[in-house]
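Heads up, the sequence shown is in full-length UniProt numbering, so the first residue is 1 and it goes up one at a time.
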Amino acid sequence: MAIAKHDAEVDQPNEGREPDAMLGGLAIQFYRMHEKFDSMVSRENTVGIGFIALAIVLLFGLDSVTEPPPWLSVAVILGVGVIVPILINEYLDGGE
1 MAIAKHDAEV DQPNEGREPD AMLGGLAIQF YRMHEKFDSM VSRENTVGIG FIALAIVLLF
61 GLDSVTEPPP WLSVAVILGV GVIVPILINE YLDGGE
């Protein structure tokens, strides 16, 4: 009998709990994860990641519209993915 009861508990581990309480617990866990993530990612990294993503989108856009010369792809990666984020971060650091 004890084994059957244990199996039933394993099959339905949240039985007897209120659904709102479970969702509230999940919301708290996600909030804590969000706080940790925000404290780990700096403004500089956020700007850099955003512009790298923009450079990738621009590369795919250029490639789908036309066949760009190889130097243009390198220019987009260096310009949008590297130089622009550096300039923006330098500007924002000057204001602090």
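No residue lacks a Cβ here, since even glycine has one placed at the ideal position from N, Cα and C.
Legend entry - Beta-carbon gap between Leu59 and Val76 smaller than 8 angstroms: Inclusion of Leu59 and Val76 in the CB contact set at 8 angstroms is warranted, their separation being smaller than that value.
Inset, instruction - For Ala55, I'd like the list of residues in its chain whose CB is within less than 7 angstroms of its CB, leaving aside the five on either flank, ordered along the chain. - result: Val76, Ile77, Val80, Gly81
Inset, instruction - Leaving out five residues on either side along the sequence, give the residues of the same chain with a beta carbon under 7 angstroms from the beta carbon of Ile52. - result: Gly81
Inset, instruction - Determine the contact status of Pro85 and Gly48, defining contact as a CB-CB distance below 8 angstroms. - result: yes
Legend entry - Element boundaries [alpha helix (DSSP H), containing Pro85]: 84-94
Inset, instruction - Reducing DSSP to helix, strand and coil, say where Thr46 ends up. - result: helix
Legend entry - Whole-angstrom distance between Asp63 and Pro70, CA atom to CA atom: 11 angstroms
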